[in-house]
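A.B. asks: Have a look at this one before I ask anything.
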Amino acid sequence: MVSTFASMADFLAPAQASFPEGVGSVTLAHYLFVSVAMFTMGLIGFLTRRNLIIMFLCTEMMFQAAGIALIAFSRFYLHHTGQSFVIFVLTVAAAEAALALALVVLLFRGRESLNADQWHSLKG
Amino acid sequence: MQTTTPQLAETIGALGLGAADTGAALEVATGPAWAMLIPMLPLLGAAIMGVCAIMGVRSKLPAWITVGLLGFSAVLAAAMYAWLPENGRAVSVAWEWINVSWGDEPGQTLKANFGFYIDSLTCLWMLFVTLLATLIALYASEYMSHDLGAGYCRFFAAFNLFVFSMACLVMGDNLLLLFLGWEGVGLCSYLLIGYHYKKHSAVFAAKKAFIVNRIGDLGLLLGVFLTFVHFGTLEYKDLFPMVQPYIEAMRQGAVGDIPAVVQLIPVLLMIGAFGKSAQLPLFVWLPDAMEGPTPVSALIHAATMVTAGVYLIARMYPLFLVSEWALPIVAWVGGLTALVAATIAMAQFDIKRIMAYSTVSQLGFMFCGLAFLSSVGGAFHVVTHAFFKATLFLCCGAVMHGFAGQLDLRKLSGVSFMKGWGIVGIAMFIGCLNLAGFPFTAGYFSKDMILAEAFITPGPGYQFLGVILLLTAGITAYYTFRVFFRVFVGPKQFEPGDELHGHDGHIDDHHEEHGSASRATEADEGHTPGDHEPMGGSVEERGKKTHEHPEHFHPHAPGWAINGVLATLAILSVLAAALYFFPGADKSHKGWAGGMISGSSAALVVGGEADHPTRLAAFVGAEPEQGTLFGQDPHKIMYYVSGVIGFVGIAIAFALHYAGRKESERSAANNLLQVKPIRTAHRWANAKWYVDELYDFALRKPLWAASQIFHLIDKLLIDGLVNLVGYLPRALGKGVRPSQSGVLHSYAAAMAGGLAVILLIVLLLSL
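First to last, the protein sequences are chains H and C.
Note that my numbering has the first sequence beginning at 1, numbered continuously upward.
Note that my numbering has the second sequence beginning at 125, numbered continuously upward.
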């Protein structure tokens, strides 16, 4: 991939050129960096925190990071598939959030706590 | 055996076997359609019995239906005899049964009709089978009356089915139908031996009979297969003409021209005959079969089914004649069986078992008759034996019925003199005279025909066999009259058996009582002779005991059905002697029986003229002494010799068991069993020469050991493999289970780690 970037820069120049004036210096790499940063924070948060709601929010953050990457690429390639896909992803995420919060509420009722370590009944 | 070949060949040659005009003589006419009613009526009867059982008939109706149908069968059998065509053989086909073809060559069509071969041999057998079945069904109507209801129907259903099977066996026009009947009688025998199915000993006896018969049946089946493979047909009417060339070869002494396979067929067939007719290696089932009801013992295990082996050999006689080993083997097996069974009978105490061993012994005589080229003697002995042995068994059954299952001859005495037992006593006396071969009884003539042939037929050790048979005849006379003098005459004393069902009407408890009765009998049999020596004292005590409370038990004398049947059978046993003088259709010297045989496949001369076997001597020529006994015609000499031997046997029985009974009971000094060798011999004979134990040691134990080994192999190897297949995933699961910690974060970390690894790999690969 690294090898292709050099040649692709020329090929993709028109797409870069069509960015508005104020953000003209913002490249695909910036968007991707934001996406990676959000994903990594979400992942670290998911791995380190014990609160179920926080962990759930972390997963949402990873989700949105993926969405940003999709939109960035979509714009980069001047192809609308990525953007329309993100609309669906957002819809699904909303539904899934409702489900996940309901689950968290149920789990809380079970142990009177939001600590994920309280749950290990799947131990083999 | 090699030396026998020329002798036998000369013998057969001398008789003019395989006369030239066989083609015309072996033509087969079409039989009457009504002949097939003879087997079908009993089959109908069996079906009706089934309906009776379902409808819960609790009267004697099943018995009367059976007697009626079997009686009609007997009338038809007589009509069949009267109908017999001029050339003596006919086939009537009921329906086509099996007809399979896989090519046009001869031998590529298996054809077996449900058809009946009617010749004089068939008539001879069917006449006495249906007549005896009718009489014994009448007897059983009274004998089985304690089981009125389901058991009664079941008994008569199996009884009818037996007669049907026996008729198929005897009348079938092909070996396959014979085999069907053969298995059918075996099945009915099993069903009827195990009639008291709640009694363990009866169940074991039934299984034993069935299993031992399977061994013989294997031989028969192989023989049938070989017959088909070699001759390409199983139908007698096609088979017998095909054997003619071999008989011709035998007549000319060209034994080498006869293929080994043809010589093997009769050897295989005779294994079947030995199984069914309880001969030496396979005789152990018959005495145990006495667990069945007595009418069954009389009909199946004395008069009819056990003679099926004799019938088989008589029917396939042409094949036996062309084998150089078959008939000598039959002779030796028959002769040794006769002796061994007779010695065992001398030392038994159960009168039914004595009669059973006597049947085995007499069957040995019949086989000898066939083997001594006197198929007439064999067949005639079958007929006379059927009548007098049925009489004897039914008398024993009447005693057993009247004395609550008592069969021990030490515990019964003077039965004939008790009120109402006169007919039983007289019938028993006539039966005993016949069995003992008392001069001028039917048994005397039929036995003489066989004994005399032993001394004039050339064969391996036939003369020695003749001596053995003479000895056996003496032993027979002794043990027969031992029973008579012990049980039927003497002071009136008895001890009832344990089955009081008939008396107190405990129909429901019947089976349990039966069980205890058998245990008691077994315990008695287990006594050493020493236990029974001081018989006098104990018998007197027992007598006293019985007299103390006579109101508890009265032997109930037989009713009109039993008495009537016994009287009829006794008269028929006496009249059977007339068949010896009554000339047959062909005016042969051997009476009616000879005429019946000479027209059938069992005749020594097929399609020619019958010849008197004594002429054998002249033809054999080389050793003229062979043909005579004490320089006389053996048949004439045998009249005196066997008569004297019979007398001696009866006299010894009289001395030991009638005149000397009191003395031997009173003082041990007069008891022969005090003499050491006699006591030892008695113990061995009483234990049946330990044949059952020998089988147990030689067959059952090794089989059991082998089965243990196979059980181990199954347990360890086969089950081990199967269990291993199940164990592997379990072990695997046990190994990876710790990774399922149940901690959410560890799963997430694993996922993240896995993702990292995949990304790293992708990165490295794309570099």
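Ideal Cβ placement from N, Cα and C applies to all residues, glycine included.
1) With a threshold of 8 angstroms between beta carbons, is I868/C in contact with chain H?
2) Roughly how many angstroms lie between the CA atoms of L167/C and C292/C, to the nearest whole one?
3) Would a check of beta-carbon distances place A855/C closer than 8 angstroms to chain H?
4) Below 8 angstroms on the Cβ atoms is my contact criterion, and I expect M394/C with I453/C to pass it. Report the Cβ-Cβ distance as a whole number of Å.
5) Check whether the Cβ of S35/H lies closer than 8 angstroms to any Cβ atom in chain C.
6) Got a sec: does the ligand SAH put a non-hydrogen atom nearer than 7 angstroms to the Cβ of M179/C?
7) Mind checking whether T246/C and L194/C have CB atoms under 8 angstroms apart?
8) For A873/C, which residues in chain H fall below 8 angstroms Cβ to Cβ?
9) Consult DSSP for G715/C and reduce its assignment to one of helix, strand or coil.
10) At what residues does the alpha helix (DSSP H) containing N810/C begin and finish?
11) Roughly how far, in whole angstroms, is the beta-carbon of L346/C from the beta-carbon of N298/C, given that I think they are within contact range, below 8 angstroms?
12) Using alpha carbons as the reference points, say which of I478/C, K361/C, A876/C, L494/C lies closest to A726/C.
13) Say whether chain C places a C-beta atom closer than 8 angstroms to the C-beta of L43/H.
14) Under 8 angstroms: do the region 407-424 of chain C and the region 310-325 of chain C share three or more Cβ pairs, one atom per stretch?
15) So, with DSSP's three-state summary, where would you put D820/C?
16) From F303/C to F328/C, what does the alpha carbon distance come to, in whole angstroms?
17) Could you work out which residues of chain H lie near A876/C, taking near to mean beta carbons separated by less than 7 angstroms?
18) So I574/C and G621/C are in contact, right, with Cβ under 8 angstroms, and what is the actual spacing, rounded?
19) Are F706/C and G715/C touching if we call contact CB-CB under 8 angstroms?
20) Secondary structure at F238/C, three-state DSSP: helix, strand or coil?
21) Could you tell me the distance, in whole angstroms, from the CA atom of F893/C to the CA atom of Y319/C?
22) Measure from the alpha carbon of A153/C to the alpha carbon of each residue in A170/C, A206/C, E210/C, then state which is nearest.
23) E220/C lies in the beta strand (DSSP E); which residues open and close that run?
24) Alpha carbon to alpha carbon, what distance is there between S890/C and V26/H?
25) Just list the residues that DSSP pairs Q617/C with in beta bridges.
26) Report the neighbours of A116/H on chain C: residues whose CB is nearer than 9 angstroms to its CB, in chain order.
27) Y481/C lies in the alpha helix (DSSP H); which residues open and close that run?
28) Rounding to the nearest angstrom, what Cα-Cα distance links F33/H and T81/H in this structure?
29) Could you pull out every residue in the same chain whose Cβ sits closer than 7 angstroms to the Cβ of Y321/C, ignoring the five residues on either side in sequence?
30) Would E229/C be called buried (16 or more neighbouring beta carbons within 10 Å of its own) or exposed?
31) In the structure shown, what three-state DSSP assignment does D622/C receive?
32) Which same chain residues, not among the five before or five after V895/C, have their C-beta less than 6 angstroms away from its C-beta?
33) Let me know the secondary structure DSSP gives E307/C once reduced to three states.
34) What are the boundary residues of the alpha helix (DSSP H) that includes F444/C?
35) Exposed or buried, what is F88/H when buried is set at 16 or more other beta-carbons lying within 10 Å of its beta-carbon?
36) How close, in whole Å, do the beta carbons of A72/H and G42/H come, if the pair is a contact with beta carbons under 8 angstroms?
C.D. replies: So, from the data block:
1) Sequence check: residue 868/C is Leu here, not Ile. L868/C counts as touching chain H.
2) 11 angstroms
3) no
4) 7 angstroms
5) no
6) With respect to the ligand SAH, the structure shown offers nothing to examine, as it has no ligands at all.
7) no
8) L47
9) helix
10) 800-810
11) Actually they do not touch by this definition, with Cβ atoms about 17 angstroms apart.
12) L494/C
13) yes
14) yes
15) helix
16) 25 angstroms
17) L43, L47
18) With a Cβ gap of about 37 angstroms, I574/C and G621/C do not count as contacting.
19) yes
20) strand
21) Residue 893/C lies beyond the stretch modelled for chain C, which goes from 125 to 891, so this question has no answer here.
22) E210/C
23) 213-225
24) 27 angstroms
25) S537/C
26) V867, L868, H869
27) 475-495
28) 21 angstroms
29) V327
30) exposed
31) coil
32) There is simply no residue 895/C to check, as chain C begins at 125 and stops at 891 in what is shown.
33) helix
34) 441-445
35) exposed
36) Actually they are not in contact, since the Cβ atoms of A72/H and G42/H sit about 17 angstroms apart, beyond 8 angstroms.
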